[in-house]
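Participant:
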Amino acid sequence: MEFEKPWTEKYRPQKLDDIVGRDPIIRRLKSYVDKKSMPHLLFAGPPGVGKTTAAIALAKEIFGEYWKQNFQETNASDERGINVVREKIKDFARTKPIGGDFKIIFLDESDALTSDAQNALRRTMEVYTSTCRFILSCNYSSRIIDPIQSRCAIFRFGPLSNDAIKFMIKKIAHEEKIDLKTDGLEAIAYVSEGDMRKAINALQASSGVGDSITESLVYQVSSRAKPEEIKNMMKVALSGDFLSSRKILQSLLLEQGLSGEDIIMQMHRETFNLEVSDKEKVRIVDMIGEADFRLVQGANEFIQLEFLLANLSTG
Amino acid sequence: MLVEKYFPKNFSEIKGQQALVKDILAWINTWGNEKKALLIYGPPGSGKTTMVKVLAKELGYDLIELNASDKRDQNALNRIAGNAASSKTLFGYKKIILLDEADNIHGKEDFGGAKALLEIIKNTQNPIILTANSYWEVSQAIRDNCKLVQFKRLQSRTIFSRLKEIATSEGIEADDDVLMKIAEQSSGDMRAAINDLDSLGKKLVKGDEKVVGSRDTETSIFEALSKLYMSNSIDVRKEFFDIDKKPDELLLWIDENTPKAYKGKELLNSMNLISKSDIYLKRAFNTRNYSMWKYASDLMTGGVSVAGITDLRYIPFSPPKYFQVLGSSKKSRETNKIILDKIGKKCHCSRKVARTYLPMISALFLNPRKGALIANFFEFDMEEVKFIDEKNYRKIELAREELLKEPEKKEKIETVPIITEKKVESRKESLKKVEELSKEESKEEKQKNQQKTLFDF
Numbered sequence: 001m002e003f004e005k006p007w008t009e010k011y012r013p014q015k016l017d018d019i020v021g022r023d024p025i026i027r028r029l030k031s032y033v034d035k036k037s038m039p040h041l042l043f044a045g046p047p048g049v050g051k052t053t054a055a056i057a058l059a060k061e062i063f064g065e066y067w068k069q070n071f072q073e074t075n076a077s078d079e080r081g082i083n084v085v086r087e088k089i090k091d092f093a094r095t096k097p098i099g100g101d102f103k104i105i106f107l108d109e110s111d112a113l114t115s116d117a118q119n120a121l122r123r124t125m126e127v128y129t130s131t132c133r134f135i136l137s138c139n140y141s142s143r144i145i146d147p148i149q150s151r152c153a154i155f156r157f158g159p160l161s162n163d164a165i166k167f168m169i170k171k172i173a174h175e176e177k178i179d180l181k182t183d184g185l186e187a188i189a190y191v192s193e194g195d196m197r198k199a200i201n202a203l204q205a206s207s208g209v210g211d212s213i214t215e216s217l218v219y220q221v222s223s224r225a226k227p228e229e230i231k232n233m234m235k236v237a238l239s240g241d242f243l244s245s246r247k248i249l250q251s252l253l254l255e256q257g258l259s260g261e262d263i264i265m266q267m268h269r270e271t272f273n274l275e276v277s278d279k280e281k282v283r284i285v286d287m288i289g290e291a292d293f294r295l296v297q298g299a300n301e302f303i304q305l306e307f308l309l310a311n312l313s314t315g
Numbered sequence: 001m002l003v004e005k006y007f008p009k010n011f012s013e014i015k016g017q018q019a020l021v022k023d024i025l026a027w028i029n030t031w032g033n034e035k036k037a038l039l040i041y042g043p044p045g046s047g048k049t050t051m052v053k054v055l056a057k058e059l060g061y062d063l064i065e066l067n068a069s070d071k072r073d074q075n076a077l078n079r080i081a082g083n084a085a086s087s088k089t090l091f092g093y094k095k096i097i098l099l100d101e102a103d104n105i106h107g108k109e110d111f112g113g114a115k116a117l118l119e120i121i122k123n124t125q126n127p128i129i130l131t132a133n134s135y136w137e138v139s140q141a142i143r144d145n146c147k148l149v150q151f152k153r154l155q156s157r158t159i160f161s162r163l164k165e166i167a168t169s170e171g172i173e174a175d176d177d178v179l180m181k182i183a184e185q186s187s188g189d190m191r192a193a194i195n196d197l198d199s200l201g202k203k204l205v206k207g208d209e210k211v212v213g214s215r216d217t218e219t220s221i222f223e224a225l226s227k228l229y230m231s232n233s234i235d236v237r238k239e240f241f242d243i244d245k246k247p248d249e250l251l252l253w254i255d256e257n258t259p260k261a262y263k264g265k266e267l268l269n270s271m272n273l274i275s276k277s278d279i280y281l282k283r284a285f286n287t288r289n290y291s292m293w294k295y296a297s298d299l300m301t302g303g304v305s306v307a308g309i310t311d312l313r314y315i316p317f318s319p320p321k322y323f324q325v326l327g328s329s330k331k332s333r334e335t336n337k338i339i340l341d342k343i344g345k346k347c348h349c350s351r352k353v354a355r356t357y358l359p360m361i362s363a364l365f366l367n368p369r370k371g372a373l374i375a376n377f378f379e380f381d382m383e384e385v386k387f388i389d390e391k392n393y394r395k396i397e398l399a400r401e402e403l404l405k406e407p408e409k410k411e412k413i414e415t416v417p418i419i420t421e422k423k424v425e426s427r428k429e430s431l432k433k434v435e436e437l438s439k440e441e442s443k444e445e446k447q448k449n450q451q452k453t454l455f456d457f
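Just so you know, the protein sequences line up as chains A and B, in that order.
Numbering of the first sequence is given in full-length UniProt numbering, commencing with residue 1 and proceeding in unit increments.
Numbering of the second sequence is given in full-length UniProt numbering, commencing with residue 1 and proceeding in unit increments.
(1) Report the rounded CA-to-CA distance for B:GLY47 versus A:ILE145, giving the unit in angstroms.
(2) With burial defined as no fewer than 16 other Cβ atoms inside 10 Å of the residue's Cβ, what is the status of A:ILE303: buried or exposed?
(3) So A:GLU9 packs on B:LYS346, CB below 8 Å; how close in whole Å?
(4) Determine the extent of the beta strand (DSSP E) in which A:CYS152 is found, giving its start and end residues.
(5) Does B:ILE374 come within less than 8 Å of chain A when only Cβ atoms are used?
(6) When the cut-off is 8 Å and only beta carbons count, does A:ASN70 lie next to chain B?
(7) Going by the C-beta, is A:ALA187 closer than 7 Å to any heavy atom of the ligand ATP?
(8) Assuming B:LEU99 is part of the beta strand (DSSP E), what are its boundary residues?
(9) Could you name each continuous alpha helix (DSSP H) segment of 4 residues or more that falls completely within the region 280-305 of chain B, going from the start of the chain to the end?
(10) How about the region 162-179 of chain A and the region 131-142 of chain A: do they share at least three Cβ pairs that are nearer than 8 Å?
(11) Does any residue of chain B bring its CB to less than 8 Å from the CB of A:GLN14?
(12) Which of the residues in the region 267-301 of chain A, read from start to end, lie with their CB under 8 Å from any CB of chain B?
(13) If you run the structure through DSSP and keep just helix, strand and coil, what is B:TYR393?
(14) Might you give, ordered along the chain, the residues of its own chain that have their beta carbon closer than 8 Å to the beta carbon of B:ASP175, omitting 5 neighbours on each side?
(15) Which residues share a DSSP beta bridge with A:PHE43?
(16) Helix, strand or coil: which one does DSSP assign to B:CYS146?
(17) Tell me the residue span of the beta strand (DSSP E) that contains B:TYR41.
(18) With a cut-off of 8 Å, does the C-beta of A:PRO24 fall near any C-beta of chain B?
(19) How would you list, in chain order, the residues of chain A whose beta-carbon sits under 7 Å from the beta-carbon of B:ALA363?
(20) Grab me the residues of B:SER226's own chain with a C-beta within less than 7 Å of its C-beta, minus the 5 sequence neighbours each way, in chain order.
(21) Please report the distance separating the alpha-carbon of B:PHE151 from that of B:GLY42.
(22) Per DSSP, what kind of secondary structure is A:ASP18 in: helix, strand or coil?
(23) Can you give me the C-alpha to C-alpha distance between B:ILE120 and B:LEU25, rounded to a whole angstrom?
(24) In its own chain, which residues sit with a C-beta less than 8 Å from the C-beta of A:LYS170, not counting the 5 before and 5 after it?
(25) List, in chain order, every chain B residue whose beta-carbon is nearer than 9 Å to that of A:GLY194.
(26) Hey, which unbroken runs of the beta strand (DSSP E) at 3 residues or more fall wholly within the region 145-203 of chain A?
(27) Determine which residues share a DSSP beta bridge with A:ASN311 and list them.
(28) For chain A, find out if any of its Cβ atoms is closer than 8 Å to the Cβ of B:ASP62; answer yes or no.
(29) Quick one: Cα of B:LYS36 to Cα of B:ASP23, how far?
(30) Along chain B, in chain order, which residues have C-beta atoms closer than 8 Å to that of A:LYS88?
(31) With DSSP run on the structure shown, which of helix, strand or coil describes A:GLN256?
(32) Any idea if B:TYR290 is buried or exposed, counting beta-carbon neighbours within 10 angstroms, 16 or more meaning buried?
(33) According to DSSP, what are the bridge partners of A:SER212?
(34) In angstroms, rounded to a whole number, what distance separates the CA positions of B:ARG333 and A:LYS231?
(35) Residue range of the alpha helix (DSSP H) that B:ASP62 falls in?
(36) Can you confirm whether A:ASP108, when its beta carbon is compared against all beta carbons of chain B, has any partner nearer than 8 Å?
This is how it looks when you write it as structure tokens:
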């Protein structure tokens, strides 16, 4: 069946050398390839900056044709909890490496593991260390327990530079024969905030809508990307209509399955796009901060976000 | 015990629910045509179990009972109800299976019970009757498979007349006033009223009813809620002592109804207290120190009462939408999850990150061919495509059908230049590519075969 890949996959660098904007990190990783050995690694950094790409490229270069047999990718945030560590990871760690001395387990978003699960993980890392290396990726290394951190070589991936983003976007536009305007390129770099995935998705989305990629098209498309409903919910609440805003919340949280964390992050971002005075924006940020705090402390996300809406709707 | 002595022996002795007898008889007489199970729900003492027992007796059925005190996990249910439900009786008696307090089948102790029950209801060979105090506590799947009959709270007059009959026949000397008071106090619970009468001896005088007045009767949550919003006192918390709801559930009830009673500052203060109660609940849960529940309960009841007062005479209270929405949107949340998992698998990311692909995908969906191509990559089925873009999914479906018509052609075009163009590629590499292609083809064939079996199935 004919298909088209998302460009993030189509143009995902396959070799360490193809990864842009990460020179010091790549140099260190390549030394592991030369030695055909590596310690446990911890990749820390925001989304879309090359953590997974680096891990896959590293595995490919170390294991060559056997990389798929010796590399396992697991996502900690979707399969949260101790069972992943106890079963899935352990099962893979137990089996023998093929055509090499060790295998690699890549545990994405490992900061989503509870501390219990992290402690179990630490034991697994110790027990199987002769046959198995871990690459843990996370957004915040501070959420990883100290004993694990001390067992890992830590790599910090910061947001990518504008130049790195532009280089890659230009390359893709060329390959795909897209008419990419200069202001369109600038706009993509701007909205990406150093996140390559976001940049490439913005390019591909724009190419689906218009023939030549201009600034206005990019902004038009990436505003589609913003959940308009969240802004709308805030507007409705600010107009004093608590009950209607609550209905929107119900749909976002319970029907569409967004997490409370997602919603509050978006609300914070949208605050600065609201048509209210700066003084009001300060007040709103303060309220969102309080709600974020309570979200962590409370049991029911719906109730905590509802309080925030009540706050917004009572001027 | 008077309750047992005066237990109704036939339909005519059942008080107050006469209108429902017809419904239930109609259901059992045409059993097999309609829903196979009957769910009777209503407050305690309104005659649910009584009705079933009389029914079995009058129509000559064997009654097989499963109470809440029995363990009702999957095994137990299958063993008792499963057998009773499917096997014919030894001596040719017809059977009715009664599952009392079906709303109490949940939680860890009855693991798998709800699921097993649903299966039994669907496959039963004999009529099953479930009773429950609360409609909402019975899972929607089970409700959907039952004929529903609601028993209302009995009227005080009805209870009074039964008390009077019993008093006369027992030779109890009692003022009508006292009997009426007992009837009123029972809040529509016949069993409670008869027990009260039983405990007061042979001669009742005015004021006696107060002795039994303090006994625990389940006041309706609606009554407690109206007291909460219509008064302004921390003592309102006592109104909720007898309400048999866990605090997290009670919190949702209060959360649902507070915006109907309060506005402005009063509402805000209440929502603040509700939010804080939720935090106490989490703390209690985390530390397993459930004595901390009391702070949550105090704040959500007494606290919210003090936060405001409504001048509405009537508030249209309703049960929390939370469970309803959670239940009815289950399917769409599952579809959403499947979509995100498919993206995550192909793009090496979590569901959270996968969500960021959705805007790009729906932008491509605006163009049917591009939409079809990307949908093919992620292997979305049409339901999933529809979930992402309800407006354009038909067009994408057509475009995908078009694509299916020309797959062979495409692959040949790609393979031709490898063989004809003798470029930099070494023979080894081109061989490898051919190998890969044939591998892909065989994969495709496999998929086709799988699909066939799926369709056959």
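Don't be surprised by glycine CBs; every beta carbon is placed ideally from N, CA and C.
Facilitator: The answer reads as follows:
(1) In the second sequence, the residue the question calls residue 47 of chain B occupies position 47. In the first sequence, the residue the question calls residue 145 of chain A occupies position 145. Within the model, the alpha-carbon separation for B:GLY47 versus A:ILE145 is close to 59 Å.
(2) Walking along the first sequence from the start, residue 303 of chain A turns up at place 303. Classification of A:ILE303: buried, given that the 10 Å Cβ count is 16 or more.
(3) Here the question's residue 9 of chain A lines up with position 9 in the first sequence. Here the question's residue 346 of chain B lines up with position 346 in the second sequence. Going by Cβ atoms, the distance from A:GLU9 to B:LYS346 rounds to 7 Å, so yes, they are a contact pair.
(4) Taking the first sequence and counting its residues from 1, the one referred to as residue 152 of chain A is at position 152. A:CYS152 -> beta strand (DSSP E) spans 152-156.
(5) Residue mapping note: residue 374 of chain B aligns to position 374 of the second sequence, counting from 1. Against chain A, the CB of B:ILE374 has a partner CB under 8 Å away; the residue lies at that interface.
(6) Residue mapping note: residue 70 of chain A aligns to position 70 of the first sequence, counting from 1. Residue-level contact by beta carbon fails for A:ASN70 and chain B, as no gap is shorter than 8 Å.
(7) The model on display carries no ligand, and the ligand ATP is accordingly not part of it.
(8) Taking the first residue of the second sequence as 1, we reach residue 99 of chain B at position 99. DSSP places B:LEU99 in the uninterrupted beta strand (DSSP E) bounded by 94-99.
(9) Within the region 280-305 of chain B, the complete alpha helix (DSSP H) runs of at least 4 residues are 293-298.
(10) Look at the beta carbons and you see the region 162-179 of chain A not touching the region 131-142 of chain A: under three pairs across the two are nearer than 8 Å.
(11) Locating residue 14 of chain A in the first sequence gives position 14, where the first residue counts as 1. Nearest CB-CB separation between A:GLN14 and chain B: not below the 8 Å threshold.
(12) Those residues of the region 267-301 of chain A that come within reach of chain B (Cβ to Cβ, closer than 8 Å) are ARG294, GLN297, GLY298, ALA299, ASN300.
(13) The residue you call residue 393 of chain B lines up with position 393 of the second sequence. Residue state, collapsed to three classes: helix.
(14) Numbered from its first residue, the second sequence carries residue 175 of chain B at position 175. LEU204, VAL205, LYS206.
(15) The sequence position of residue 43 of chain A within the first sequence is 43, counting from 1. Per DSSP, the beta-bridge partners of A:PHE43 are A:SER137, A:PHE155.
(16) Along the second sequence, read from residue 1 onward, the residue named residue 146 of chain B stands at position 146. It is a strand residue.
(17) In the second sequence, the residue the question calls residue 41 of chain B occupies position 41. From DSSP, the beta strand (DSSP E) with B:TYR41 extends over 37-41.
(18) Counting from one through the first sequence, the residue named residue 24 of chain A turns up at place 24. Chain B places no beta carbon closer than 8 Å to that of A:PRO24, leaving this residue out of the contacts.
(19) As a working mapping, residue 363 of chain B is identified with position 363 in the second sequence. For the C-beta of B:ALA363, the chain A residues within less than 7 Å are, from N- to C-terminus, ALA205, GLY208, VAL209, VAL221, ARG224.
(20) Stepping through the second sequence from its first residue, residue 226 of chain B is reached at position 226. ILE315, listed in sequence order.
(21) In the second sequence, residue 151 of chain B corresponds to position 151, counting from 1. In the second sequence, residue 42 of chain B corresponds to position 42, counting from 1. Rounded to the nearest angstrom, the two C-alpha atoms are 5 Å apart.
(22) Here residue 18 of chain A corresponds to residue number 18 of the first sequence, with the count starting at 1. The answer is helix: DSSP assigns A:ASP18 an H, G or I state.
(23) Position 120 of the second sequence holds residue 120 of chain B. Position 25 of the second sequence holds residue 25 of chain B. Those two C-alpha atoms are separated by around 22 Å.
(24) For this step, residue 170 of chain A is matched to residue 170 along the first sequence. Closer than 8 Å at the Cβ level, and outside the excluded window around A:LYS170, lie LEU180, LEU185.
(25) Here the question's residue 194 of chain A lines up with position 194 in the first sequence. For A:GLY194, none of the residues of chain B pass the 9 Å Cβ criterion, the least Cβ distance being about 14 Å.
(26) Segments of the beta strand (DSSP E) lying fully in the region 145-203 of chain A: 152-156.
(27) Start at 1 with the first residue of the first sequence, and residue 311 of chain A comes out as number 311. According to DSSP, which records beta bridges pairwise, A:ASN311 is partnered with nothing at all.
(28) Here residue 62 of chain B refers to the residue found at position 62 when the second sequence is read from its first residue. With 8 Å as the cut-off, B:ASP62 does not count as an interface residue toward chain A.
(29) Locating residue 36 of chain B in the second sequence gives position 36, where the first residue counts as 1. Locating residue 23 of chain B in the second sequence gives position 23, where the first residue counts as 1. Approximately 14 Å, taken between the alpha carbons.
(30) Indexing the first sequence from 1 puts residue 88 of chain A at position 88. The contacting residues do not exist; A:LYS88 stays about 15 Å from chain B at best.
(31) Position 256 of the first sequence holds residue 256 of chain A. DSSP places A:GLN256 in coil when its eight states are reduced to three.
(32) By one-based count along the second sequence, residue 290 of chain B stands at place 290. With fewer than 16 neighbouring CB atoms inside 10 Å of its own CB, B:TYR290 falls in the exposed class.
(33) Start at 1 with the first residue of the first sequence, and residue 212 of chain A comes out as number 212. Checking the DSSP bridge columns, you'll see A:SER212 partnered with A:ASP179.
(34) Taking the first residue of the second sequence as 1, we reach residue 333 of chain B at position 333. Taking the first residue of the first sequence as 1, we reach residue 231 of chain A at position 231. In a straight line, the C-alpha of B:ARG333 is about 22 Å away from that of A:LYS231.
(35) Locating residue 62 of chain B in the second sequence gives position 62, where the first residue counts as 1. First-last for B:ASP62: 61-66, but that is the beta strand (DSSP E), not the alpha helix (DSSP H).
(36) Counting from 1 along the first sequence, the entry for residue 108 of chain A is found at position 108. It does; some Cβ of chain B falls within 8 Å.
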